[in-house]
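For reference, the structure is listed below as structure tokens.
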Amino acid sequence: MDLNILWFWIVGFFFIGYFVLDGFDFGVGMALPFLGRDDIDRRVMINTIGPVWDMNETWLIVAGASLFAAFPEWYATLFSGFYLALLLILLALIARGVSFEYRHHRPESRWKKWFDGMIVVGSVVPALLWGVAFANIVQGVALDSGHNYTGTLFDLLNPYALLGGLTTLLLFFTHGVVFISLKTDGDLRLRARKLAVRSGALTIIVAAVFLLWTNLANGQVASWPLAILAAVLLIASFFANLRGRERYAFSLMAGTIAVAVASLFAALFPDVMPASNDVANSLTIANASSTPYTLSVMSWVAVAVLPFVLAYQAYTYWVFRKRITRASMPEDTQPRSDSPSASAPVLGG
Amino acid sequence: MNDILSPLVLSQWQFGLTTIYHFLFIPITIGMATTTAVFQTAWYRTAKVKYLQLTQFFGKIFLINFAMGVVTGIVQEFQFGMNWSTYSRFVGDVFGAPLAMEGLLAFFLEATFIGLWIFGWDKLPKGVHLATIWVTAAGTILSAYFILAANAFMQNPVGFRINEARGRAELTDIWAVLTNKVSLASFPHTITASFMVSAALVICIAAWHLARQQNLDTMRPAIIFAMWTMIGAGILTVLTGDQLGLVMVQTQPMKMAAAEAAYNTVSGSDASFSIFTLGTPDGVNELFSIRIPYLLSFLSTHTLTGTVEGINDLQAQYRTLYGPGNYAPVVWATYWSFRWMIGLGMLSVLLSAVGLWLMRKGRLPKNAWVWRIAVWAFPLPLAAMIVGWIFTEMGRQPWIVFSLLKTSDGVSPNLTGLDVLISIVAFTLIYGILAVVEFRLLKRAAQKGPEGAPLSDASEAPTATVTVY
Chain A
0 MDLNILWFWI VGFFFIGYFV LDGFDFGVGM ALPFLGRDDI DRRVMINTIG
50 PVWDMNETWL IVAGASLFAA FPEWYATLFS GFYLALLLIL LALIARGVSF
100 EYRHHRPESR WKKWFDGMIV VGSVVPALLW GVAFANIVQG VALDSGHNYT
150 GTLFDLLNPY ALLGGLTTLL LFFTHGVVFI SLKTDGDLRL RARKLAVRSG
200 ALTIIVAAVF LLWTNLANGQ VASWPLAILA AVLLIASFFA NLRGRERYAF
250 SLMAGTIAVA VASLFAALFP DVMPASNDVA NSLTIANASS TPYTLSVMSW
300 VAVAVLPFVL AYQAYTYWVF RKRITRASMP EDTQPRSDSP SASAPVLGG
Chain B
0 MNDILSPLVL SQWQFGLTTI YHFLFIPITI GMATTTAVFQ TAWYRTAKVK
50 YLQLTQFFGK IFLINFAMGV VTGIVQEFQF GMNWSTYSRF VGDVFGAPLA
100 MEGLLAFFLE ATFIGLWIFG WDKLPKGVHL ATIWVTAAGT ILSAYFILAA
150 NAFMQNPVGF RINEARGRAE LTDIWAVLTN KVSLASFPHT ITASFMVSAA
200 LVICIAAWHL ARQQNLDTMR PAIIFAMWTM IGAGILTVLT GDQLGLVMVQ
250 TQPMKMAAAE AAYNTVSGSD ASFSIFTLGT PDGVNELFSI RIPYLLSFLS
300 THTLTGTVEG INDLQAQYRT LYGPGNYAPV VWATYWSFRW MIGLGMLSVL
350 LSAVGLWLMR KGRLPKNAWV WRIAVWAFPL PLAAMIVGWI FTEMGRQPWI
400 VFSLLKTSDG VSPNLTGLDV LISIVAFTLI YGILAVVEFR LLKRAAQKGP
450 EGAPLSDASE APTATVTVY
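Protein chains in written order, with numbering that gives the first Met the number 0: chain A, 0 to 348; chain B, 0 to 468.
And the structure:
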């Protein structure tokens with residue numbers, strides 16, 4: 000196998016890691032208004048991802064940097080082409096990240112509500128736009144002969160891409176809600192399970208349509224079975240959740256996202272950025288990649304470092320394996336003026 | 000007007016603004032991670048409560064900063080592709096590798112172990128927990144190494160060849176890139192300067208409490224430690240800066256000429272260093288200046304008889320080498336930023352020396368002005384670093400990669416002025432708001448002082464403030 004094909008899959012691996020891991024962070028953020036009945040609930044939810052969201056987000060930085068190092072042309076075309084969409088993602092990630100850290104610094108409910116809102120928006124926007132971006136990559140966009148994107152932000156918001164965005168949004172939402180049921184206890188855990196059933200059913204329908212559309216339009220030999228496997232895992236996760244098997248439900252959701260993203264990469268192969276207007280302008284694995292020397296250097300680094308990274312990240316999840324309860328939340332230093340009615344459960348039973 | 004709204008000019012402003020903003024948090028993160036680790040080590044070894052209090056107190060200050068460094072850092076990585084796609088296509092084969100290594104080797108470490116540290120107080124054995132803050136600190140320093148190696152390629156490209164057919168630079172020697180003589184000099188310079196910044200922050204906070212005669216048992220050792228750090232790091236910063244200057248003369252003589260606004264080649268006693276100039280520093284209308292003979296020669300070559308090439312001669316050389324064009328940076332900016340960097344850094348060290356003398360043998364100054372100066376001197380080393388970077392990067396112009404690619408040729412061709420205007424306004428707004436929030440939180444946390452000591456036993460799990468969000 001050529002090194003650039005290997006790196007196509009390594010970049011895919013980093014994006015899969017990012018979506019599986021930060022995916023449930025987004026889901027937890029989006030679920031705040033659905034499951035957080037009071038400030039303690041919301042603190043419990045945020046603390047389920049407290050120790051890990053930063054390292055999960057780092058997968059994006061590594062995915063982006065690997066893209067830059069292994070496929071400079073792909074990185075350049077994608078990032079300059081999807082300029083405004085990426086700007087929105089960046090602003091959302093900034094808002095979300097500082098909110099996790101800042102919300103607990105003051106006890107006033109107005110202060111916390113403000114940052115809770117930023118967490119929700121900061122989770123919804125990337126969850127939606129990453130799907131839009133990847134659907135557009137697979138579908139192909141207009142490129143000129145210098146491989147520069149010639150469309151606008153609104154060209155990216157086509158029906159197929161929006162369906163892709165809705166798919167990632169729902170996948171991440173359900174993923175996060177299942178994660179909450181796995182990591183909390185008591186009433187919150189039960190409500191999370193119920194919500195995961197409802198959102199899971201909706202996710203199955205939307206994801207099935209999107210994966211079918213993807214494969215009918217751009218299907219490859221490898222993308223079909225992967226898409227079918229993703230659908231099977233998603234349905235299995237739904238039933239595992241229905242039977243209260245939280246560990247299985249979460250693992251199967253993680254598997255669903257991993258295999259679904261892999262099927263998108265398989266559908267893309269051997270292109271990396273197909274041009275919808277003229278095939279000659281397409282970026283492929285061959286014409287977008289770095290030199291074999293650079294790729295071999297990067298391969299050695301990845302081989303040497305990744306086992307350690309995976310080991311210490313797994314260790315971190317092991318250290319924080321315990322469920323988080325309302326009782327484990329220490330009192331705020333000042334009395335709260337929160338009332339339970341401040342939260343508005345929309346779907347949560 | 001058309002010029003001001005060009006994607007190029009706006010992208011330059013955006014990169015400059017977002018990078019400076021991001022960098023406000025970097026030296027504090029690097030320095031405070033290590034400072035916190037030092038305090039925690041002191042607690043680990045002595046079991047004295049005051050060191051636990053210091054660890055938690057400055058750890059909290061560190062974390063408020065860390066969040067901002069993380070989120071503004073993603074913007075930096077994305078911007079190369081977003082605004083500088085032609086640059087990215089040109090250098091990606093070389094420049095991407097250190098960035099990817101930074102992510103794999105350093106960012107993963109930092110981001111994982113900071114989580115273990117924040118939330119691991121009551122879950123990890125004491126020794127393991129101490130190790131997590133040291134690993135975090137090592138991660139911050141390691142990331143500085145890789146990003147400075149990437150930056151050094153822009154200052155002094157090495158380890159590559161030009162592929163004319165592909166129109167790009169291609170990596171031929173990763174070791175040369177990672178041991179670029181510019182990065183070997185700029186890395187220790189940046190790290191020691193970062194320790195000056197964190198020392199100034201500790202001094203500022205401790206002085207505020209000492210002025211009010213409160214928390215003496217913790218704030219006194221903290222300020223003494225920080226003032227010694229400032230002096231030690233300050234001396235090292237001068238020495239490493241001297242090395243960096245020598246390398247700069249070899250690799251980018253135009254930058255050194257611009258730093259001194261030296262238009263004509265000079266040598267020996269004529270190669271004087273002007274500490275202060277009144278008039279325009281363009282060499283024509285000099286009204287008054289304080290000059291030290293030989294110093295420029297010494298700084299540039301470490302000899303008294305060295306020759307320092309002037310802007311005009313270099314300009315002529317570069318025209319023959321690279322074709323018509325202006326190869327000089329904005330001279331007034333490089334001239335003054337170079338001086339402010341040195342002046343502000345020296346002043347910080349001087350103030351710490353005075354402070355140590357005033358606090359000798361257990362003395363606590365009564366004069367309110369002493370404390371006021373100690374508090375308000377906080378921005379000096381940070382400002383010195385910022386102007387130092389402005390000098391480094393503006394002194395590189397008009398090149399984006401020295402001698403290979405001009406900044407004006409690196410910008411994304413498909414961006415409109417409106418695109419970049421939207422993003423620059425958006426970044427300015429959100430960064431502006433966050434700056435206010437961040438500053439208030441820092442001030443609040445700093446003025447609150449260390450939490451009360453655990454009542455029973457020094458080795459008890461500490462208060463919950465840092466354990467959960």
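Beta carbons: idealized from backbone N, C-alpha and C, even for Gly. Model, not experiment: these values are computed from the prediction.
**Request:** Could you tell me which residues DSSP puts in a beta bridge with E169(B)?
**Result:** In the second sequence, residue 169(B) corresponds to position 170, counting from 1. Answer by DSSP bridge pairing, in chain order: R160(B).
**Segment limits, beta strand (DSSP E) that includes I399(B)** = Start at 1 with the first residue of the second sequence, and residue 399(B) comes out as number 400. W398 to V400 is the extent of the beta strand (DSSP E) around I399(B).
**Prompt:** Listing by chain order, which chain B residues have their CB less than 7 Å from the CB of Q138(A)?
**Reply:** The residue labelled residue 138(A) in the question sits at position 139 within the first sequence. The premise fails here: Q138(A) is roughly 19 Å from chain B at the closest Cβ pair, so nothing lies under 7 Å.
**Prompt:** Taking one C-beta from the region 257-264 of chain A and one from the region 221-239 of chain A each time, how about it: are there three or more such pairs within less than 8 Å?
**Reply:** yes
**Message:** Is there a C-beta anywhere in chain A that falls below 8 Å from the one on D312(B)?
**Reply:** Along the second sequence, read from residue 1 onward, the residue named residue 312(B) stands at position 313. No, D312(B) does not count as interfacial toward chain A.
**Asked** T306(B) bridges to which residues according to DSSP?
**Response** Within the second sequence, numbered from 1, the residue matching residue 306(B) stands at position 307. The partner list for T306(B) (beta bridge, DSSP) reads S266(B).
**Asked** Closest Cβ-Cβ distance between T306(B) and chain A: below 8 Å?
**Response** Position 307 of the second sequence, counting from 1, holds the residue named residue 306(B). Chain A, which has no Cβ nearer than 8 Å to the Cβ of T306(B), makes this no.
**Request:** Let me know if W207(B) comes out buried or exposed under the rule of 16 or more other beta-carbons within 10 Å of its beta-carbon.
**Result:** On the second sequence, position 208 is the one that residue 207(B) refers to. The residue is buried, with at least 16 neighbouring Cβ atoms inside 10 Å.
**Asked** Going straight from the alpha carbon of L343(B) to that of V278(A), what length do you get?
**Response** Working through the second sequence from its first residue, we reach residue 343(B) at position 344. Working through the first sequence from its first residue, we reach residue 278(A) at position 279. When rounded, the distance between both Cα atoms is 57 Å.
**Item:** Same chain, Cβ closer than 6 Å to G164(A), neighbours up to 5 away in sequence not counted
**Value:** Here residue 164(A) refers to the residue found at position 165 of the first sequence. Within the same chain, G164(A) has close Cβ partners L127, G130 and V131.
**Bridge-paired residues (DSSP) for F272(B)** = For this step, residue 272(B) is matched to residue 273 along the second sequence. I291(B).
**Request:** Using three-state DSSP, classify V308(A) as helix, strand or coil.
**Result:** To locate residue 308(A), count along the first sequence from 1; it is residue 309. Helix.
**Message:** Applying the 10 Å Cβ sphere with the 16-neighbour rule, what's the burial state of V302(A)?
**Reply:** Taking the first sequence and counting its residues from 1, one reaches residue 302(A) at position 303. The residue is exposed, with fewer than 16 neighbouring Cβ atoms inside 10 Å.
**Asked** Do the region 248-262 of chain B and the region 298-316 of chain B meet, that is, are 3 or more Cβ pairs less than 8 Å apart?
**Response** yes
**Prompt:** Quick one: what does DSSP say K47(B) is sitting in, helix, strand or coil?
**Reply:** On the second sequence, position 48 is the one that residue 47(B) refers to. Three-state result, K47(B): coil.
**Prompt:** How long is the line joining the alpha carbons of Y350(A) and G114(B), rounded to whole angstroms?
**Reply:** Residue 350(A) falls outside the range modelled here, since chain A spans only 0 to 348, and no answer is possible.
**Prompt:** From what residue to what residue does the alpha helix (DSSP H) around D270(A) run?
**Reply:** For the purposes of this step, residue 270(A) is taken as residue 271 along the first sequence, with counting starting at 1. In the DSSP assignment, D270(A) falls outside any alpha helix (DSSP H) and within the unbroken beta strand (DSSP E) covering D270 to M272.
**Pairwise C-alpha distance: L87(A) and Y316(A)** = The count along the first sequence starts at 1 and reaches residue 316(A) at position 317. The count along the first sequence starts at 1 and reaches residue 87(A) at position 88. Going by the C-alpha atoms only, they are around 30 Å apart.
**Message:** In whole angstroms, give me the CA-to-CA distance for A332(B) and V220(A).
**Reply:** Your numbering for residue 332(B) matches position 333 in the second sequence. Your numbering for residue 220(A) matches position 221 in the first sequence. Their Cα atoms are separated by approximately 59 Å.
**Prompt:** So A136(B) and A32(B) are in contact, right, with Cβ under 8 Å, and what is the actual spacing, rounded?
**Reply:** Reading the second sequence from its first residue, position 137 is the one you call residue 136(B). Reading the second sequence from its first residue, position 33 is the one you call residue 32(B). A32(B) and A136(B) do touch by the CB rule: their CB atoms are close to 4 Å apart, below 8 Å.
**Prompt:** When Cβ atoms are compared, which residues of the region 296-309 of chain A fall closer than 8 Å to chain B?
**Reply:** Near chain B, meaning a CB-to-CB distance below 8 Å, the residues of the region 296-309 of chain A are V296, M297, V300, A301, V304, L305 and V308.
**Request:** Drop a sphere of 10 angstroms on the beta-carbon of Q213(B), count the other beta-carbons inside from all chains shown, and report buried for 16 or more, exposed for fewer.
**Result:** In the second sequence, the residue the question calls residue 213(B) occupies position 214. By the 10 Å Cβ count, Q213(B) comes out exposed.
**Asked** Going by Cα to Cα distance, which pick from V201(B), L170(B) and T415(B) is closest to P220(B)?
**Response** As a working mapping, residue 220(B) is identified with position 221 in the second sequence. Of the listed residues, the one whose Cα sits closest to P220(B) is V201(B).
**Request:** Using the Cα positions of D172(B) and S298(A), report the straight-line distance between them to the nearest angstrom.
**Result:** Position 173 of the second sequence, counted from the start, is the residue given in the question as residue 172(B). Position 299 of the first sequence, counted from the start, is the residue given in the question as residue 298(A). C-alpha separation (whole angstroms): 15 Å.
**Enclosing alpha helix (DSSP H) for D53(A) [first to last residue]** = In the first sequence, residue 53(A) corresponds to position 54, counting from 1. Its alpha helix (DSSP H) spans residues W52 to A69.
**Request:** Report the rounded CA-to-CA distance for L9(B) versus S411(B), giving the unit in angstroms.
**Result:** For the purposes of this step, residue 9(B) is taken as the residue at position 10 of the second sequence. For the purposes of this step, residue 411(B) is taken as the residue at position 412 of the second sequence. Near 12 Å, if we compare the C-alpha coordinates of S411(B) and L9(B).
**Asked** What do you get for W174(B), buried or exposed, if any count of 16 or more other CB atoms within 10 angstroms of its CB means buried?
**Response** As a first step, residue 174(B) is located in the second sequence; it is residue number 175 there, counting from the start. W174(B) is exposed by the Cβ-count criterion.
**Asked** Would DSSP call Y148(A) helix, strand or coil?
**Response** Counted from its first residue, the first sequence places residue 148(A) at position 149. In the structure shown, Y148(A) sits in a strand (DSSP, three-state: E or B).
**Message:** Please tell me whether Y159(A) has its Cβ less than 8 Å away from any Cβ of chain D.
**Reply:** No chain D appears in this structure, whose protein chains are A and B.
**Request:** Assess, as a yes-or-no matter, whether the region 369-377 of chain B is touched by the region 234-253 of chain B under the definition of 3 or more beta carbon pairs within less than 8 Å.
**Result:** no
**Request:** State the Cα-Cα distance for the pair K122(B) and R320(A), rounded to the nearest angstrom.
**Result:** The residue labelled residue 122(B) in the question sits at position 123 within the second sequence. The residue labelled residue 320(A) in the question sits at position 321 within the first sequence. Spanning the two alpha carbons is a distance of roughly 10 Å.
**Item:** V196(B) to Q75(B) span [Cα, whole Å]
**Value:** One-based indexing of the second sequence puts residue 196(B) at position 197. One-based indexing of the second sequence puts residue 75(B) at position 76. Rounded to whole angstroms, V196(B) to Q75(B) spans 22 Å at the Cα level.
**C-beta contact flag for E450(B) and Q52(B) at 8 Å** = Taking the second sequence and counting its residues from 1, the one referred to as residue 450(B) is at position 451. Taking the second sequence and counting its residues from 1, the one referred to as residue 52(B) is at position 53. Yes. Within cutoff.
**Asked** Touching or not, the region 6-19 of chain A and the region 58-68 of chain A, by the rule of three or more beta carbon pairs under 8 Å?
**Response** yes
**Request:** Return the first residue and the last residue of the alpha helix (DSSP H) that F106(B) is part of.
**Result:** For the purposes of this step, residue 106(B) is identified with residue 107 of the second sequence, where counting begins at 1. Counting along the chain, F106(B) falls outside any alpha helix (DSSP H), and DSSP gives it neither H nor E.
**Item:** Cα-Cα separation, A452(B) to L215(B)
**Value:** Your numbering for residue 452(B) matches position 453 in the second sequence. Your numbering for residue 215(B) matches position 216 in the second sequence. Interpretation of A452(B) is limited by its pLDDT of 46, a score under 50 that renders its predicted location unreliable; the figure taken from the coordinates is listed afterwards. So the alpha carbons of these two residues sit roughly 14 Å apart.
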